[in-house]
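Novice:
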Amino acid sequence: MDILLLGSGGRESALAWKMSQSPLLGKLYIAPGNGGTGAYGTNVAISPLDFDALRKFVDDNAIDMIVVGNEDPLVAGIYDYFENHPVLVAGPSKAGAQLEGSKDMAKRFMVDHGIPTARYRSFTAETIDEGYRFLESLKPPYVLKADGLAAGKGVLIIDDIDEAKKSLAEMLGGMFGKSSATVVIEEFLSGIECSVFVLTDGNGGYRVLPVAKDYKRIGEGDTGLNTGGMGAVSPVPFADAEFMGKVEQRIILPTINGLLKEGITYRGFIFLGLINVAGEPMVIEYNVRMGDPETEAVMLRIDSDLVELMKAAAEGNLGDLPLDESPKTAVTVMMVSGGYPGSYPKGKIITGTDSVTDSILFHAGTAIDPQGQLVTSGGRVIAASSLGDSIPDALARSYASIDKVNFDGKYFRRDIGRDLMA
Ligand code: AMP
Ligand code: GLY
1 MDILLLGSGG RESALAWKMS QSPLLGKLYI APGNGGTGAY GTNVAISPLD FDALRKFVDD
61 NAIDMIVVGN EDPLVAGIYD YFENHPVLVA GPSKAGAQLE GSKDMAKRFM VDHGIPTARY
121 RSFTAETIDE GYRFLESLKP PYVLKADGLA AGKGVLIIDD IDEAKKSLAE MLGGMFGKSS
181 ATVVIEEFLS GIECSVFVLT DGNGGYRVLP VAKDYKRIGE GDTGLNTGGM GAVSPVPFAD
241 AEFMGKVEQR IILPTINGLL KEGITYRGFI FLGLINVAGE PMVIEYNVRM GDPETEAVML
301 RIDSDLVELM KAAAEGNLGD LPLDESPKTA VTVMMVSGGY PGSYPKGKII TGTDSVTDSI
361 LFHAGTAIDP QGQLVTSGGR VIAASSLGDS IPDALARSYA SIDKVNFDGK YFRRDIGRDL
421 MA
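Residues 1 to 422 (my numbering) make up the sequence shown, in order.
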C-alpha cells in the first residue's frame, strides 16, 4: 500500500524507518519530511495543515493511507475531512483529538470514566475569583495549564501563591492566545513519569506498545528549560508487569471503553503521559499521537509489521494481530543546536553521518541545502538511537555514534537514562 506520512521531526523519521521495512509498503511519501526522510521515501513539499493540497496529492497518487505524525492536523480535523474519501487515516477523529486539544475536555473525560488523575478545576476570565480561591485551597507547587494547544509550553508549575495568581490572570488575559482563555488548575503530583502508547482500532481492539521515558529539560540532571525532548529510554524498569497491569485495568481499558461509550471515533495512537505516584499510575495528560523522542526508541523495539498494524487499526479491526516487543533496551539521545530551546543558528553543515554504523540516526531539524549539503534547520537536529542488552550498553553505542557526527554548536545530554540505572 502507498502511504503518505505527515510531519517533519525525529518521530516521523522513526515511523518512516519502521514502515519502510514492511513488505506491505509500496510507495512512502513524507510531507514535508526533513533532510533524512528521503532515505525511506519521497519528501513532498505540502503542509500537513493544508488539507485541500493533501487531498489533491492523495487523489493524484492513489494514496491508500495517511499516517499523521503530529497533533495539529488531528486537532484541526484531518480524520473527519477524509472520512468519506477513499483513503484510510490512522488517527482519531476531531472529537477524539480533543483529548490533547483541550485539557479541560481530557480532565472531564477522565473524571467521567473514573481514570486516576490529579484533582482539578477549570476557570475562565469570568470565574477568575473562584480560580484564586481554588489556588488558595491547594498546596504548592501550583500547576496551571492552558486548555488548548500551546506548542508544549502551556503548563506552568509555580511555587509561590501570589506568583500563581498573577500567572492565572496573565494566562486568562491571553498569555497563550486563545489557548489559555480557559485554564485548568490542578493538584501537583509527585513521582516519576513514563509514556505509554496504545494503538486502538476504535472498536475495542487495542495493542500496547513498548513503554518509554523521555527527558524533557535541556540540562543534565533534568535542569533548565523544557525542550521538545532530549532523549528517551525503553523499556522503563519501574513500569514492570504489576505497574502495567494497573495501567491496563485502571487507565487503558476505561479510556478505550470511555471513547466507545461517548461515540468518539478513534483509530490510531493514544499517548498516555503517566506519573508513578508511590506505585500507583495516574494520568498527567493524553496526547493523540506518538511521542517525540520516545518514538525514536520505541520503534527499535517493535518486532512486528507496523504498516500491517496501522492499516488494521485504521480499518477498525486489529483482530488478533500480534505486536511483538524486542526484549532489548533501546535508547535515543538527541543532538541539538547550541542555544536551543532559545534562539539558535541554522544552516550549519553536518558531517560524519555516513560513518555511523552502530546506531540509527533519525533526522529531525535537518535539511539539504541548495549545494546538496546536509545542514541544520531546527533546534533538535538528529537523534542517535541504539539497541543494547542494557541501558548502559545501548547508551555507549549512541554516545559513540554522536562522537562521529559534528556540526557547529552541537549539544546533547550525557545523562540520559542515568536516573533509571540501579
Ligand atoms: P504537559 O504539557 O501536560 O505534558 O505538562 C508538562 C509537564 O508538566 C509534564 O510532563 C509534567 O512533568 C508536569 N506536570 C503536568 N501536570 C502535573 C501535575 N499535576 N503534577 C506534577 N507535574 C505535572
Ligand atoms: N515527549 C513528549 C511528547 O511528545 O509530547
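Each residue gets a CB set at the ideal place from its N, CA and C atoms; glycine is no exception.
What you are looking at is a predicted structure, and each value in this text was computed from that prediction instead of being measured.
List the residues that DSSP assigns as beta-bridge partners of H363.
Specialist: Answer is I382, bridged to H363.
Novice: Just reading off the alpha helix (DSSP H) that F57 is part of, what are its end residues?
Specialist: It spans F51 to D60 - the alpha helix (DSSP H) in which F57 sits, taken as one unbroken run.
Novice: According to DSSP, what are the bridge partners of V68?
Specialist: For V68, which the question treats as bridged, DSSP gives the partners L6.
Novice: Suppose the cutoff is 7 angstroms on Cβ atoms and the five residues either side in sequence are ignored; what does the same chain contact list for G390 look like?
Specialist: The sequence shown places Ser at residue 390, rather than the Gly named in the question. T329.
Novice: Is any heavy atom in the ligand GLY found nearer than 7 angstroms to the beta carbon of N287?
Specialist: It does: the Cβ of N287 is within 7 angstroms (strictly closer) of some heavy atom of the ligand GLY.
Novice: So S401 and D358 are supposed to be a Cβ contact under 8 angstroms. How far apart are they, rounded?
Specialist: Contact holds; Cβ gap of about 6 angstroms.
Novice: Have a look at Y344 and L225 and give me their C-alpha separation to the nearest angstrom.
Specialist: So the two alpha carbons sit approximately 14 angstroms from each other.
Novice: Can you give the beta carbon distance from E187 to L138, rounded, assuming they're within the 8 angstroms contact cut?
Specialist: Contact holds; Cβ gap of about 6 angstroms.
Novice: Please name the residue, chosen from S122, G202 and R380, that lies closest to I185 on a Cα-to-Cα basis.
Specialist: For the residues S122, G202 and R380, the minimum Cα distance to I185 belongs to S122.
Novice: Any contact of the stretch 76-93 with the stretch 115-131, i.e. 3+ C-beta pairs under 8 angstroms?
Specialist: With a cut-off of 8 angstroms, the stretch 115-131 and the stretch 76-93 do not count as touching, because too few Cβ pairs lie within range.
Novice: Are the stretch 214-221 and the stretch 361-368 touching by the rule of at least three beta carbon pairs closer than 8 angstroms?
Specialist: Contact fails: fewer than three Cβ-Cβ distances are below 8 angstroms.
Novice: Figure out for me which residue from S180, K410 and F362 has the closest Cα to the Cα of G33.
Specialist: Taking only the C-alpha atoms, the option nearest G33 is F362.
Novice: Check whether the stretch 302-317 touches the stretch 145-154, taking contact to mean three or more Cβ pairs, one atom from each stretch, closer than 8 angstroms.
Specialist: Touching, no.
Novice: With C-beta atoms as the reference, is M335 less than 8 angstroms away from F412?
Specialist: Yes, the Cβ-Cβ distance between M335 and F412 is below 8 angstroms.
Novice: Okay, do the stretch 40-57 and the stretch 151-164 touch, 3+ Cβ pairs below 8 angstroms being the bar?
Specialist: Taking 8 angstroms as the limit for Cβ pairs, the verdict is that the stretch 151-164 does not touch the stretch 40-57.
Novice: Closer than 7 angstroms to a non-hydrogen atom of the ligand GLY - does that hold for the CB of G91?
Specialist: No; taking the cut-off as 7 angstroms, the Cβ of G91 has no heavy atom of the ligand GLY nearer than that.
Novice: Taking Cβ to Cβ, would you say D104 is nearer than 8 angstroms to T182?
Specialist: Contact: yes.
Novice: Report the rounded CA-to-CA distance for K404 versus G379, giving the unit in angstroms.
Specialist: One C-alpha to the other measures close to 19 angstroms.
Novice: May I ask which residues mark the beginning and end of the alpha helix (DSSP H) holding T227?
Specialist: Careful: T227 lies outside any alpha helix (DSSP H), inside the beta strand (DSSP E) at T223 to S234.
Novice: What number of angstroms, rounded off, separates the C-alpha of T37 from the C-alpha of I382?
Specialist: So the two alpha carbons sit approximately 12 angstroms from each other.
Novice: Rounded to the nearest angstrom, how far is the Cβ of S234 from that of R301, given a contact under 8 angstroms?
Specialist: Confirmed, about 6 angstroms.
Novice: DSSP three-state label for N317, please.
Specialist: In this structure, N317 counts as coil in the three-state DSSP scheme.
Novice: On a Cα-Cα basis, can you pick out the residue from A106, T353, L387 and I360 that is closest to L374?
Specialist: The option with the nearest alpha carbon to L374 is T353.
Novice: Just reading off the alpha helix (DSSP H) that S137 is part of, what are its end residues?
Specialist: Where S137 is concerned, the enclosing alpha helix (DSSP H) stretches over I128 to S137.
Novice: Taking 7 angstroms as the cut-off, does the CB of A212 come closer than this to any heavy atom belonging to the ligand AMP?
Specialist: No - the ligand AMP has no heavy atom lying nearer than 7 angstroms to the Cβ of A212.
Novice: Select from Y266, A297 and N406 the residue whose C-alpha is nearest the C-alpha of G77.
Specialist: If we check each option's Cα against that of G77, Y266 comes out closest.
Novice: Please find out if some non-hydrogen atom of the ligand GLY comes closer than 7 angstroms to the beta-carbon of E294.
Specialist: It does: the Cβ of E294 is within 7 angstroms (strictly closer) of some heavy atom of the ligand GLY.
Novice: Please name the residue in G9, L4, D324 and M175 whose C-alpha comes closest to that of A62.
Specialist: Checked all of G9, L4, D324 and M175; the closest Cα to A62 is L4.
Novice: Which runs of the beta strand (DSSP E) fall wholly inside the stretch 323-359 and span at least 3 residues, in chain order?
Specialist: As far as the stretch 323-359 is concerned, its whole beta strand (DSSP E) runs of at least 3 residues are 329-336.
Novice: Looking only at its own chain, which residues have a Cβ that is under 6 angstroms from the Cβ of A232, when we skip the five neighbours before and after it?
Specialist: So the list reads A212, D214, P293, E294, A297 and T332, once near-sequence residues are dropped.
Novice: Rounded to whole angstroms, how far is the Cβ of M1 from the Cβ of G41, which I believe are closer than 8 angstroms?
Specialist: With a Cβ gap of about 13 angstroms, M1 and G41 do not count as contacting.
Novice: Fully enclosed by the stretch 134-185, which beta strand (DSSP E) runs are 3 residues long or longer?
Specialist: List check, beta strand (DSSP E) in window: 142-146 and 155-158.
Novice: Confirm, please, whether the CB-CB distance from A106 to E285 is below 8 angstroms.
Specialist: Their beta carbons are under 8 angstroms apart, which means E285 touches A106 by this criterion.
Novice: Straight-line CA distance for P254 to L74?
Specialist: If you take the alpha carbons of P254 and L74, they lie about 22 angstroms apart.
Novice: Heavy atom of the ligand GLY less than 7 angstroms from the Cβ of G229, yes or no?
Specialist: Indeed, a heavy atom of the ligand GLY lies less than 7 angstroms from the Cβ.
Novice: Considering just the uninterrupted stretch of the alpha helix (DSSP H) at V405, what are its terminal residues?
Specialist: Run containing V405: none; DSSP gives neither H nor E here.
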